[in-house]
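Q: Here it is, the structure in full.
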Amino acid sequence: MCLLIFICCCISLLNHRISDLVEEIKTSSNKWINDNKLSRYKFEWQRGYGAFTHSHSQIDAIIKYVLNQEQHHKRRTFKEEYLEILKKNDIKYNDDYLFDFFDNS
Numbered sequence: 005m006c007l008l009i010f011i012c013c014c015i016s017l018l019n020h021r022i023s024d025l026v027e028e029i030k031t032s033s034n035k036w037i038n039d040n041k042l043s044r045y046k047f048e049w050q051r052g053y054g055a056f057t058h059s060h061s062q063i064d065a066i067i068k069y070v071l072n073q074e075q076h077h078k079r080r081t082f083k084e085e086y087l088e089i090l091k092k093n094d095i096k097y098n099d100d101y102l103f104d105f106f107d108n109s
């Protein structure tokens, strides 16, 4: 089973690179999960991440999306959805730099 994790950050003035913020979140949460033995296996984040911005007016839609992710990922995979978001927003990407996708089937 794949657990897709969304981390929503409300930041008005970002003085740091997104990559540094993601690294700090992954490093500290990885340590906390392993120190507190919240997994029977050694926990590790996969390489890579996706970061998208949204306006304040979209917060309710984002919350609804996160709460219903299990349902809508029954209709299409996270990979299909993620690649659709990239294409819809004309974001160029190289397959070599996409993070690993795991199939829930």
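If you read the sequence shown in this note's numbering, its first letter stands for residue 5, the second for the next number, and so on. Each residue gets a CB set at the ideal place from its N, CA and C atoms; glycine is no exception.
Using the three-state DSSP reduction, which class does leucine 42 fall into: helix, strand or coil?
A: In the sequence shown, the residue the question calls residue 42 occupies position 38. Three-state DSSP puts leucine 42 in coil, outside helix and strand.
Q: If you run the structure through DSSP and keep just helix, strand and coil, what is leucine 102?
A: Start at 1 with the first residue of the sequence shown, and residue 102 comes out as number 98. Here leucine 102 sits in coil by DSSP.
Q: Measuring alpha carbon to alpha carbon, tell me which of Thr31, Glu84, Glu74 and Asn93 ends up nearest arginine 2.
A: Nothing about residue 2 can be reported from this structure: the residues present for the chain run from 5 to 109 only.
Q: Do phenylalanine 105 and tyrosine 53 have their beta-carbon atoms positioned less than 9 Å apart in this structure?
A: In the sequence shown, counting from the first residue as 1, residue 53 sits at position 49. In the sequence shown, counting from the first residue as 1, residue 105 sits at position 101. No, the Cβ-Cβ distance between tyrosine 53 and phenylalanine 105 is not below 9 Å.
Q: I need the DSSP call for aspartate 94, collapsed to helix, strand or coil.
A: Translated into positions along the sequence shown, residue 94 becomes position 90. Of the three classes helix, strand and coil, the one that applies to aspartate 94 here is coil, per DSSP.
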